[in-house]
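Residue numbers (this note's numbering), protein chains in the order written: chain A, 4 to 269; chain B, 12 to 87.
Glycine is no exception: its CB is placed at the ideal position from the N, C-alpha and C atoms.
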Amino acid sequence: MIGQSVVLAEGEVPFPPSVEDFFLPSIYPWGEHNSYWITKFTVLVWLGVAATIIFFLVTYRNPKLVPTKKQWIAESIYGFVRNNIAVDMIGHRGVAFAPYLTTLFVFIFVNNLWQIIPFVQISPMAHIAFPAILAIISYVMFIYVGIRHHGFGKFFKHSLMPPAPLFMQPLLIPIELFSTFIARPVSLALRLFANLFAGHIILLVFTLGGFVLINADSLFLKPISVLSWAVSIAITFLEALVIVLQAYIFTVLTASYVQGALADEH
Amino acid sequence: MTGDQTPQPAGDSGTPEAGEGWTALAYLIGGLAVWGFIGWLVDQWLETDGLATGIGFLLGGAGGVYLVIRRLGTPR
Numbered sequence: 004m005i006g007q008s009v010v011l012a013e014g015e016v017p018f019p020p021s022v023e024d025f026f027l028p029s030i031y032p033w034g035e036h037n038s039y040w041i042t043k044f045t046v047l048v049w050l051g052v053a054a055t056i057i058f059f060l061v062t063y064r065n066p067k068l069v070p071t072k073k074q075w076i077a078e079s080i081y082g083f084v085r086n087n088i089a090v091d092m093i094g095h096r097g098v099a100f101a102p103y104l105t106t107l108f109v110f111i112f113v114n115n116l117w118q119i120i121p122f123v124q125i126s127p128m129a130h131i132a133f134p135a136i137l138a139i140i141s142y143v144m145f146i147y148v149g150i151r152h153h154g155f156g157k158f159f160k161h162s163l164m165p166p167a168p169l170f171m172q173p174l175l176i177p178i179e180l181f182s183t184f185i186a187r188p189v190s191l192a193l194r195l196f197a198n199l200f201a202g203h204i205i206l207l208v209f210t211l212g213g214f215v216l217i218n219a220d221s222l223f224l225k226p227i228s229v230l231s232w233a234v235s236i237a238i239t240f241l242e243a244l245v246i247v248l249q250a251y252i253f254t255v256l257t258a259s260y261v262q263g264a265l266a267d268e269h
Numbered sequence: 012m013t014g015d016q017t018p019q020p021a022g023d024s025g026t027p028e029a030g031e032g033w034t035a036l037a038y039l040i041g042g043l044a045v046w047g048f049i050g051w052l053v054d055q056w057l058e059t060d061g062l063a064t065g066i067g068f069l070l071g072g073a074g075g076v077y078l079v080i081r082r083l084g085t086p087r
């Protein structure tokens, strides 16, 4: 890492950052650029999932009635999602969805966390594939849950036909179709992806920009690199907020879609 | 460390507003996008020089606002 910094301080800095910076060389096969079986992102997801599993296993291996500190943290995470997201949004039926919502929340949060961990500083969620799969899972789930609760015809009638006079329906049904069955999964995936993509780009701009400034010919520009790095540290703290917020929003919106699918007609 | 045992304050339930904001946004944008696109298709078909697109946008905008009022505005 230090060697890399020295190279950056002396040589050519790849600036400005581009989308190419998100397609890192493959790990297996090593260094390839057209064959991606195992990449840094694969490893990061594995590590994140392993850390999550180990954390919950260790904290819950020997549960006490009066919880230890670790157990209290694990219980608080689950309790937060169960009480403040699942039950608050969906109602008493929400308890059944609390395990899925907690898994979703923790998975997104842990994978987002890579964004601000030093020397990693890129999240798998900055690739559209990961948020897209999560969005598809939530999408299939809320449709499935709705069909199971209402029956096929009634669910689609309920979600496509708003409570409005009959002559308004031709105008409104296409909008409902778009907003419920197209905009929902797309916005769910894009919101998470774009936030982390943009976050990584901003970090790159200020970190690499510092090296560009220190390499600049003008003597006045060199000290400004310190400012640039200071901003990148400040941005890292902002990202800490963003990653929690995005994990929360994804979970809340999934819960709200499930709530909409389960809602009874009025 | 039994802090989580305290009863949740009862007043702050009814958070579905968090999702309703996004729903409203989807209706408003969706209305414009869907009917604007349908209008544009009609435009291409009948060669009305943008008139159909304009009507589509107006209808879609109105439909989106109407949907927000019907779905989210009236107390259930």
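Assigned secondary structure, residue i (DSSP; H/G/I helix, E/B strand, else coil)
i, result
"I93/A", "helix"
"Y147/A", "helix"
"I136/A", "helix"
"I30/A", "coil"
"I227/A", "helix"
"I41/A", "strand"
"V45/B", "helix"
"P188/A", "helix"
"H153/A", "helix"
"F122/A", "coil"
"S162/A", "helix"
"E58/B", "coil"
"R85/A", "helix"
"L222/A", "coil"
"I131/A", "coil"
"T34/B", "helix"
"V69/A", "coil"
"F253/A", "helix"
Cross-chain neighbours of residue i in chain A, by beta carbon under 8 Å
i, result
"A63/B", "Chain A residues near A63/B: none, gap ~15 Å exceeds 8 Å."
Neighbour-count burial assignment, residue i, 16 or more Cβ in a 10 Å radius
i, result
"R82/B", "buried"
"N65/A", "exposed"
"I136/A", "exposed"
"I178/A", "buried"
"F214/A", "buried"
"I56/A", "exposed"
"P165/A", "buried"
"F122/A", "exposed"
"G30/B", "buried"
"R151/A", "exposed"
"T13/B", "Low confidence applies here, because T13/B scores a pLDDT of 47, under 50, leaving its location unreliable; read the following figure in that light. It counts as exposed."
"L153/A", "According to the sequence as given, residue 153/A is His; it is not Leu. So H153/A ends up on the buried side."
"T71/A", "exposed"
"F173/A", "Just to set this straight, residue 173/A is Pro in the shown sequence, not Phe. Classification for P173/A: exposed."
"F200/A", "buried"
"Y260/A", "buried"
"E35/A", "exposed"
"E78/A", "buried"
"L60/A", "exposed"
"V148/A", "buried"
Within chain A, partners of residue i - CB distance below 7 Å
i, result
"G41/B", "I178, F181, S182, A186"
"V53/B", "Result: empty, since nearest Cβ-Cβ is about 13 Å, beyond 7 Å."
Neighbour list for residue i in chain B, Cβ cutoff strictly below 8 Å
i, result
"P168/A", "Going along chain B, no residue has its Cβ under 8 Å from P168/A, so there is no contact; the nearest lies around 10 Å."
"P165/A", "L78, R81, R82"
"S162/A", "Chain B residues near S162/A: none, gap ~10 Å exceeds 8 Å."
Residues that residue i contacts on chain B, provided the C-beta gap is smaller than 7 Å
i, result
"P17/A", "Those do not exist, as P17/A stays about 37 Å from chain B at its closest Cβ, beyond 7 Å."
"L174/A", "L70, G74"
Neighbouring residues, chain A, relative to residue i (Cβ below 9 Å)
i, result
"W56/B", "Per Cβ cutoff of 9 Å: no residues; W56/B is ~17 Å from chain A at best."
Cβ distance (whole Å) where residue i is taken to contact residue j below 8 Å
i, j, result
"F196/A", "I111/A", "Contact doesn't hold; Cβ gap of about 11 Å is too wide."
"W56/B", "T64/B", "That belief does not hold up - the Cβ atoms of W56/B and T64/B are roughly 12 Å apart, past 8 Å."
"V84/A", "F108/A", "5 Å"
"V229/A", "M92/A", "The Cβ separation is near 46 Å, so there is no contact."
Beta-carbon neighbours of residue i, restricted to chain B and to distances below 9 Å
i, result
"S190/A", "W33, L36, A37"
- How do the stretch 106 to 119 of chain A and the stretch 182 to 192 of chain A stand: do at least 3 beta-carbon pairs fall below 8 Å, yes or no? no
- Item | Three or more C-beta pairs below 8 Å linking the stretch 218 to 229 of chain A and the stretch 87 to 96 of chain A | Contact between the stretch 218 to 229 of chain A and the stretch 87 to 96 of chain A is absent, because fewer than three Cβ pairs lie under 8 Å.
- Message: Check whether the stretch 63 to 75 of chain B and the stretch 31 to 45 of chain B touch, using three or more Cβ-Cβ pairs below 8 Å as the test.
- Response: Contact between the stretch 63 to 75 of chain B and the stretch 31 to 45 of chain B is present: 3 or more CB-CB pairs across the two stretches fall below 8 Å.
- Decide if the stretch 237 to 257 of chain A is in contact with the stretch 203 to 214 of chain A; the criterion is three or more beta carbon pairs, one per stretch, under 8 Å apart. yes
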